[in-house]
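Here's the structure we're looking at; comments come further down.
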Amino acid sequence: MLPDISGIIIIAGNYGSGKSETAVNLAAVSRRAGKRVKITDLDLVNPYFRSREAQKPLADMGVEVVLPDSKYMQADLPILTSAVADMIKNPAQVTILDAGGDDAGVTVLAALADVLKKSHVKLLQVINPLRPFTNDVQGCLKMKAQIEAAAKLPVTGLICNANLLDETTPQIIYDGYNLVTRVSEATGLNIEFITASTRLLPQLDPERILCPILPIDRLLAPPWIRT
Amino acid sequence: MAKVLMKGNEAIGEAAIRAGCLNYFAYPITPQSEVAEYLSKRLPEVGGTFLQGESEVAVGYMIFGASGAGERVMTTSSSPGISLMSEALSYIAAAHCPAVFVNIVRGGPGLGGILPSQGDYFQATKGGGHGDYHLLVLAPDGVQEAVEMTMQAFTLAEKYRNPVMVMGDGMIGQMMEPVEFPDDLKTEPTNKDAWATNGMSTRKSKTPNLVKSLFLDSAELNRNNLDLKAKYEQMKKEDVQYELYNADGDYQILIASYGTMSRVCRTAIDMLKAEGIEAAMFRPKTLFPFPEKQVYDAAVKDSCKCVISIEMSMGQMVEDVQRCVMGKKPVEFYGECGGEIPSPEKIIEIVKELIG
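If you read the sequences in order, they're chains A and B. Note that the first sequence ends on residue 265 in this note's numbering; no numbers are left out. Note that the second sequence ends on residue 362 in this note's numbering; no numbers are left out.
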């Protein structure tokens, strides 16, 4: 079962939790399902491996990618293009905002608070339990509280992105799903979906996962990876 | 311990803790700020100290101070920051103090850009600061090696009482890979009562120590330089590290590359092999001491027509390769700068041109 989410979706989480890879793949899946999709890269904190690097494949599929002027694309500056506020005021069927990591990364959302509070937004926390600081329920709850305080918005749902890149096994995905299920129980928040690489999807037992699964095709890989 | 998924910068921070380093002073700069971010969270948990200096110049001397007092200490920075620390590096080397400096290199010269580069090879291996000194320079090719080399850097720094640099580039700092941490380093900084200004009340010796880099007497300064030189010669004998890839068969070309660049070359070599073309790679893991004999031996193999150094710079390591190959085989160069990284396809094209 693929994720079927509409509206304004903000993807947040700790550094390296896989926010950007999740955001671009969610954009791709939504577009393939025939929806109108807009995505913006709000990562003003980290200059590498950002969703803007997937601009071309997404644009080729017909996803509208909203980014700062190309001459500032590699600038080490917190540029928030005014097009982002326009995008929230005039959302597509699926409008994805890929935020930066940790509390620092979502601070930018506070700058958009005026437009955001007029819209109904989903703020989803991406969790990869194989990352430092979110390897247990307590760590995930702490990260959630930090994100909410900085963004001035409540987290509304969870995404489990358990992976060790190419070394991911089905067991890693099951274990991650179990952990995020416990976070879900502790918070009352829904698990919107989990992720799994397209390579692993056929090996997963659908009986064991009670939520949608977003297939991941790695779009933000280092330059030596060739498949 | 099970594997975790870590960014190079975070992994370097964790590796320092596991090496028993409880003193970390730094000033933020892209693309290595996550080391400071990570250690500012982790060090208080283990009773360590993270202090942000007012500049890299200050940080360099904070490192000198802690190191002179016999403490395990590390800083991390990126290219322009390392330039600012270079005066302190020269002082620390002259005073025979152990310390670990990490340079996550970005594009230069000047303020340059924030993307990955290998443009600081000369600075790291040939000086940077003034005077006859060398750093021992380790160049990891990924996150796992960044962990191992950061831990090893402390051991080597203490073995030689000399600053050790771990030199990655923005890609090594920013990329994520699964890592497994080796056992914690259990050793104490060696022999520090004999040289460090670690406080008379805690010392086993009654003789006060003096840590200094000022030698006004010419004979004494000459002697200090000879002592330093002896250490560099010992490094060349005992601590050269390198890797050869696909070098068992009859290769037609030898590619010299290190760090991130070697990952791309590895992919290119695999793709060439699939087409029936044999290329080997020589990868120095220590940039100083440079594996001089090893690159010579790999280059002079009968089947090898030429050597090419491929770098994310305008040609720096190539000078060491030329020096070591001593004209026995042609040594070519290809490089890109500013955050551009030669692709596997580009490398394949160049190799095919060179071997005809």
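No residue lacks a Cβ here, since even glycine has one placed at the ideal position from N, Cα and C.
Notebook entry, point to check: Which residues mark the beginning and the end of the alpha helix (DSSP H) in which Leu-96 (chain A) is found?
Noted result: Its alpha helix (DSSP H) spans residues 93–99.
Next item on the list: Drop a sphere of 10 angstroms on the beta-carbon of Val-52 (chain B), count the other beta-carbons inside from all chains shown, and report buried for 16 or more, exposed for fewer.
Entry: Val-52 (chain B) should be labelled exposed.
Check: Nearest chain B C-beta to Gln-163 (chain A) closer than 8 Å, yes or no?
Finding: Chain B, which has no Cβ nearer than 8 Å to the Cβ of Gln-163 (chain A), makes this no.
Checklist line | Cross-strand partners of Gly-195 (chain A) (DSSP beta bridge) | finding: Bridge partners of Gly-195 (chain A): A:Leu-162 and A:Asn-228.
Check: What does Val-10 (chain B) reach in chain A if we use C-beta pairs closer than 9 Å?
Finding: Result: Leu-168, Arg-169, Pro-170, Asn-173 and Leu-202.
Margin query: Just verifying my parser: in three-state terms, what is the DSSP assignment at Gln-58 (chain B)?
Written below: Strand.
Next item on the list: If I'm right that Gly-125 (chain B) touches Gly-113 (chain B) with Cβ under 8 Å, what's the distance once you round it to whole angstroms?
Entry: Between Gly-113 (chain B) and Gly-125 (chain B) the Cβ distance is about 7 Å, and since that is below 8 Å, they are a contact.
Checklist line | Residues near Val-103 (chain A) in its chain [Cβ-Cβ closer than 7 Å; skip 5 each side] | finding: So the qualifying residues of the chain are Ile-77, Gln-93, Leu-96 and Ala-97.
Check: Touching or not, the stretch 291–302 of chain B and the stretch 174–185 of chain B, by the rule of three or more beta carbon pairs under 8 Å?
Finding: Contact fails: fewer than three Cβ-Cβ distances are below 8 Å.
Notebook entry, point to check: Pairing CB atoms from the stretch 84–101 of chain B with CB atoms from the stretch 65–76 of chain B, are three or more of them under 8 Å?
Noted result: Yes, they touch.
Checklist line | Classification of Asn-52 (chain A) by the beta-carbon crowding that lies within 10 angstroms, buried from 16 upward | finding: Label assigned to Asn-52 (chain A): buried.
Note to self: For Cys-312 (chain B), list the residues DSSP reports as bridge partners.
What the structure shows: As a beta-bridge residue in DSSP terms, Cys-312 (chain B) pairs with B:Ile-259.
Checklist line | N-terminal and C-terminal residue of the beta strand (DSSP E) that Lys-13 (chain B) is part of | finding: Unbroken beta strand (DSSP E) run through Lys-13 (chain B): 10–13.
Checklist line | C-beta contact flag for Leu-260 (chain B) and Ala-280 (chain B) at 8 Å | finding: Cβ atoms of Leu-260 (chain B) and Ala-280 (chain B): not closer than 8 Å.
Margin query: Residues of chain A with CB closer than 7 Å to the CB of Gln-58 (chain B), please, in chain order.
Written below: Ordered by position in chain A, no residue passes the 7 Å Cβ test against Gln-58 (chain B), which lies about 15 Å from the chain.
Checklist line | Where the alpha helix (DSSP H) containing Tyr-166 (chain B) begins and where it ends | finding: First-last of the alpha helix (DSSP H) with Tyr-166 (chain B): 149–166.
Next item on the list: Look at Ala-65 (chain A) and Ile-134 (chain A) and say whether their C-beta atoms are less than 8 Å apart.
Entry: Closer than 8 Å, so yes.
Note to self: Determine, for Arg-272 (chain B), whether the minimum Cβ-Cβ distance to residues of chain A falls below 8 Å.
What the structure shows: So yes, Arg-272 (chain B) belongs to the interface.
Check: Does Thr-36 (chain B) come within less than 8 Å of chain A when only Cβ atoms are used?
Finding: Residue-level contact by beta carbon holds for Thr-36 (chain B) and chain A, with a gap shorter than 8 Å.
Margin query: Let me make sure I understand the geometry here. Which of A:Arg-74, A:Leu-191, A:Ala-113 and A:Leu-227 has the alpha-carbon closest to that of Ser-157 (chain A)?
Written below: That would be A:Leu-191, whose Cα lies nearest to the Cα of Ser-157 (chain A).
Check: Using the beta-carbon count (16 or more within 10 Å), is Tyr-110 (chain A) buried or exposed?
Finding: Under this definition Tyr-110 (chain A) is an exposed residue.
Checklist line | Contacts that Asp-114 (chain A) makes with chain B (C-beta to C-beta distance below 7 Å) | finding: Listed along the chain, the chain B residues whose CB falls inside 7 Å of the CB of Asp-114 (chain A) are Thr-36 and Ile-120.
Check: Going along chain B, which residues have a C-beta under 8 Å from Glu-205 (chain A)?
Finding: Per Cβ cutoff of 8 Å: Lys-9 and Pro-184.
Next item on the list: Can you have a look at Gly-333 (chain B) and say buried or exposed, based on whether 16 or more other CB atoms are within 10 angstroms of its CB?
Entry: Using a 10 angstroms sphere on the CB of Gly-333 (chain B), the tally of other CB atoms stays under 16, which defines it as exposed.
Check: Contact between the stretch 310–324 of chain B and the stretch 347–357 of chain B: three or more CB pairs below 8 Å?
Finding: With the cut-off at 8 Å, the stretch 310–324 of chain B and the stretch 347–357 of chain B touch.
Margin query: Rounded to the nearest angstrom, what separates Tyr-340 (chain B) and Glu-249 (chain B) at their Cα positions?
Written below: Distance between the alpha carbons of Tyr-340 (chain B) and Glu-249 (chain B): 20 Å.
Check: Do three or more CB pairs link the stretch 31–51 of chain B to the stretch 148–167 of chain B at distances below 8 Å?
Finding: The stretch 31–51 of chain B is not in contact with the stretch 148–167 of chain B.
Next item on the list: Give the interface partners of Met-181 (chain B) over in chain A, defined as CB-CB distance under 8 Å, in chain order.
Entry: Residues of chain A passing the Cβ test: Tyr-86, Phe-87 and Pro-260.
Notebook entry, point to check: Short check: CB of Ser-448 (chain B) to CB of Thr-36 (chain B), under 8 Å?
Noted result: No statement about residue 448 (chain B) is possible, as the shown extent of chain B runs from 7 to 362 and does not include it.
Check: How far does the beta strand (DSSP E) with Asn-201 (chain A) in it reach, from first residue to last?
Finding: Neither: Asn-201 (chain A) is in no beta strand (DSSP E) and is coded neither H nor E.
Item checked: Contact set between Arg-269 (chain B) and chain A, taken where Cβ atoms lie within less than 8 Å -> Neighbours of Arg-269 (chain B) on chain A, chain order: Pro-260 and Trp-262.
Note to self: Quick check: Pro-195 (chain B) and Gly-71 (chain B), are their CB atoms within less than 8 Å of each other?
What the structure shows: Against a cut-off of 8 Å, the Cβ pair of Gly-71 (chain B) and Pro-195 (chain B) comes out as no contact.
Next item on the list: Could you please give the first and the last residue of the uninterrupted alpha helix (DSSP H) stretch that includes Glu-298 (chain B)?
Entry: Boundaries of the alpha helix (DSSP H) harbouring Glu-298 (chain B): 298–305, taken from the DSSP string.
Check: Quick one: does Glu-342 (chain B) have its CB under 8 Å from some CB of chain A?
Finding: The beta carbon of Glu-342 (chain B) does not come within 8 Å of any beta carbon belonging to chain A, so the residue lies off that interface.
Note to self: If I follow the unbroken beta strand (DSSP E) through Ser-268 (chain B), where does it start and stop?
What the structure shows: Unbroken run through Ser-268 (chain B) is the alpha helix (DSSP H), 265–280; no beta strand (DSSP E).
Check: Buried or exposed: which applies to Asp-223 (chain B), given that a residue is buried once 16 or more other Cβ atoms fall within 10 Å of its Cβ?
Finding: Exposed: under 16 other Cβ atoms inside 10 Å.
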